[in-house]
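In our numbering, the protein residues as written are 1075 to 1332.
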């Protein structure tokens, strides 16, 4: 059954995108989040996971800007999971934010964000939705890159070892898009902190994504993507610490702009 939190997320996104105007730029430059593209990517990790990714980002004629990101992870479970490819569903995430002009020189744009996270594993299941705010920091106050801090209230449900609870908490992150060289290549840095809890379930997660994108063709329709994920998580059930671990993974793949 489709999660009610995913339905709410899709409804919010479609309501905003319904007013999308013809602002698509023919010159492909995904490092500029004010431009809109339809794009898709397929990435493979060193742990034998497969991750399809899609993103739309850009702006409206009324100076509103938005980004919609979607990704899912598939792999193989079991003792030898890291050495074998598989198509077992593991998790997915959909993020949307939209900002408008504020009149402030330091923070010229601010707006709302929605973030849906779904996880399915043998021991943990979760459906979380984060609703909050996002702001754009003026490039004059940074070393020349676009900066988007985000904060949200998280709510939903988690099931651990057969125990299911409603949970809530906070989600904090910041995204920086940094152009590299003159061929269109860019790097994105995305650190994130999330903490949610229920009656007995408590989780805390600190993660960082380092993303490097570079064009493969002169028309910039084909790109090579490299993505490093660093994750530090802790999971408690009552007073017992069930999981406390650090993970890292490296993804590589190809992205195409339609």
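All C-beta atoms, glycine included, are put in the ideal place defined by N, C-alpha and C.
- How many whole angstroms separate the CB atoms of residue 1121 and residue 1148, which I take to be in contact at a CB cut-off of 8 angstroms? Wrong, their Cβ atoms sit about 12 angstroms apart, outside the cutoff.
- Message: Looking at residue 1114: is its Cβ nearer than 7 angstroms to the Cβ of residue 1128?
- Response: Taking 7 angstroms as the Cβ cut-off, residue 1114 and residue 1128 qualify as a contacting pair.
- Query: By DSSP, does residue 1159 sit in helix, in strand, or in coil?
  - Reply: Coil, per DSSP.
- Query: Alpha carbon to alpha carbon, how far is residue 1098 from residue 1150?
  - Reply: Here residue 1098 scores only 47 on pLDDT, less than 50, and its place in the model should not be relied on; the value that follows carries that caveat. Between the alpha carbons of residue 1098 and residue 1150 lies a distance of about 38 angstroms.
- Just curious, the beta strand (DSSP E) that residue 1273 is in, first and last residue? Counting along the chain, residue 1273 falls outside any beta strand (DSSP E), and DSSP gives it neither H nor E.
- Assigned exposure category for residue 1297 - 16 Cβ within 10 Å defines buried: Result: buried.
- Query: Is DSSP giving residue 1215 helix, strand or coil here?
  - Reply: In the structure shown, residue 1215 adopts helical secondary structure according to DSSP, grouped into three states.
- Message: What does the alpha-carbon distance come out to for the pair residue 1328 and residue 1289?
- Response: Computed Cα separation, rounded: 10 angstroms.
- State the DSSP-derived secondary structure class of residue 1318, mapped to helix, strand or coil. In the structure shown, residue 1318 sits in a strand (DSSP, three-state: E or B).
- Task: Please work out which residues of its chain come closer than 6 angstroms, Cβ to Cβ, to residue 1308, disregarding the five sequence neighbours upstream and downstream, and give them in chain order.
- Result: Closer than 6 angstroms at Cβ, skipping near neighbours: 1278 and 1318.
- Query: Between the C-alpha atoms of residue 1024 and residue 1325, what's the straight-line distance to the nearest angstrom?
  - Reply: Because the chain here runs from 1075 to 1332, residue 1024 falls outside it and cannot be looked at.
- Query: Looking at the structure shown, is residue 1165 part of a helix, part of a strand, or coil, going by DSSP?
  - Reply: The answer is strand: DSSP assigns residue 1165 an E or B state.
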